[in-house]
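Trainee: Structure provided below as structure tokens; questions to follow.
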Amino acid sequence: MPSTGRREVALSVGSARVCVVDEQVERVDDQDRVLGVVVSRRQAILEGLLHRVAVTVCRDARGRILVHRRSEQLSRFPGLYEVVVGGAVGVGESYEQAAARELAEELGIHVLPSLLFTFINRSGLSPHWLGVHEAVVPDTVVPDPVEVAWHGWLTGPELRSALLEWRFTPDSHEAFSRYLAFRTAQS
Numbered sequence: 001m002p003s004t005g006r007r008e009v010a011l012s013v014g015s016a017r018v019c020v021v022d023e024q025v026e027r028v029d030d031q032d033r034v035l036g037v038v039v040s041r042r043q044a045i046l047e048g049l050l051h052r053v054a055v056t057v058c059r060d061a062r063g064r065i066l067v068h069r070r071s072e073q074l075s076r077f078p079g080l081y082e083v084v085v086g087g088a089v090g091v092g093e094s095y096e097q098a099a100a101r102e103l104a105e106e107l108g109i110h111v112l113p114s115l116l117f118t119f120i121n122r123s124g125l126s127p128h129w130l131g132v133h134e135a136v137v138p139d140t141v142v143p144d145p146v147e148v149a150w151h152g153w154l155t156g157p158e159l160r161s162a163l164l165e166w167r168f169t170p171d172s173h174e175a176f177s178r179y180l181a182f183r184t185a186q187s
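Using UniProt numbering, you'd call the opening residue of the sequence shown number 1 and step up by one each time.
See below:
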């Protein structure tokens, strides 16, 4: 299970100054194999060490996609929109376990999302393996107000417009474009 000892630390990434929760993660190699080395997420970000992050695209029964705006109090990307829900994979966790934990923490729902694909994401704070999941979730979610300032369900065309007009996290753009390509290839 992930380490319970968390502390926030500030760091600069490019021109942005962000704080990150200092949690424990496992280093992985360029083939996504666990190396047996545990580091803080802060160290992984600062040194560009590969580690794992799990995210989920949430759909409702009508096919709409959940979008949310991050709380202004969050340490990473405060106030930006996201089309995925997720976070770091803790020590000893699988992508699926981390994705399910994040859904419970952030949205108050208990589902087991399906892992669709993984890739090395270089568009966020630092390079990391990103496990992209999908889950059909209830229309009514109860977001944690510490994590989520606003949420709504968008149709495909509404989401495409929002991605052009609203400020989304870098991970959202990369993960969602790959998600759409994956879904197109599956049909």
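Where is the CB? At the ideal position from N, CA and C, for every residue including glycine.
(1) Taking three-plus beta-carbon pairs below 8 Å as touching, is the stretch 127 to 136 in contact with the stretch 69 to 83?
(2) Mapping the DSSP letters down to three states, classify Ala98 as helix, strand or coil.
(3) Between Val84 and Val111, what straight-line distance do the alpha-carbon atoms span, to the nearest angstrom?
(4) Give me whichever residues DSSP pairs with Gly152 in a beta bridge.
(5) So the candidates are Arg101, Ser177 and Gln97; which of them puts its Cα closest to the Cα of Glu82?
(6) Per DSSP, what kind of secondary structure is Phe77 in: helix, strand or coil?
(7) Report the rounded CA-to-CA distance for Leu180 versus Gln43, giving the unit in angstroms.
(8) Which residues does DSSP pair with Glu134 in a beta bridge?
(9) What's the call for Ser94, buried or exposed, on a 16-neighbour Cβ count within 10 Å?
(10) By a C-beta neighbour count over all protein chains shown, 10 Å radius and 16 as the cutoff for buried, is Ser40 buried or exposed?
(11) Do Leu46 and Cys58 come within 9 Å of each other at the CB atom, strictly closer than that value?
(12) For a test of the three-state rule: what should DSSP assign to Glu82, helix, strand or coil?
(13) Taking 9 Å as the cut-off, decide whether the C-beta atoms of Pro145 and Thr56 are in contact.
(14) Tell me whether Asp171 sits in a helix, a strand or coil according to DSSP, three-state version.
Mentor: Based on what the coordinates show:
(1) no
(2) As a position in the sequence shown, residue 98 is number 98, starting the count at 1. Correct three-state label for Ala98: helix.
(3) Within the sequence shown, residue 84 is the residue found at index 84, counting from 1. Within the sequence shown, residue 111 is the residue found at index 111, counting from 1. Each residue's alpha carbon lies about 15 Å from the other.
(4) Indexing the sequence shown from 1 puts residue 152 at position 152. Answer is Val67, bridged to Gly152.
(5) Here residue 82 refers to the residue found at position 82 when the sequence shown is read from its first residue. Among Arg101, Ser177 and Gln97, the Cα nearest to that of Glu82 is on Ser177.
(6) Within the sequence shown, residue 77 is the residue found at index 77, counting from 1. In the structure shown, Phe77 sits in coil (DSSP, three-state: anything other than H, G, I, E or B).
(7) Position 180 of the sequence shown, counted from the start, is the residue given in the question as residue 180. Position 43 of the sequence shown, counted from the start, is the residue given in the question as residue 43. The alpha-carbon atoms of Leu180 and Gln43 are separated by roughly 32 Å.
(8) Position 134 of the sequence shown, counted from the start, is the residue given in the question as residue 134. Per DSSP, Val57 and Ser114.
(9) Position 94 of the sequence shown, counting from 1, holds the residue named residue 94. Counting Cβ neighbours within 10 Å, Ser94 comes out exposed, since fewer than 16 surround it.
(10) Reading the sequence shown from its first residue, position 40 is the one you call residue 40. Under this definition Ser40 is a buried residue.
(11) For this step, residue 58 is matched to residue 58 along the sequence shown. For this step, residue 46 is matched to residue 46 along the sequence shown. For Cys58 and Leu46, no; Cβs fall outside 9 Å.
(12) Within the sequence shown, numbered from 1, the residue matching residue 82 stands at position 82. It is a strand residue.
(13) The residue given as residue 145 occupies position 145 in the sequence shown. The residue given as residue 56 occupies position 56 in the sequence shown. No; because the gap between Cβ atoms is not below 9 Å, this pair is not in contact.
(14) For the purposes of this step, residue 171 is taken as the residue at position 171 of the sequence shown. Helix.
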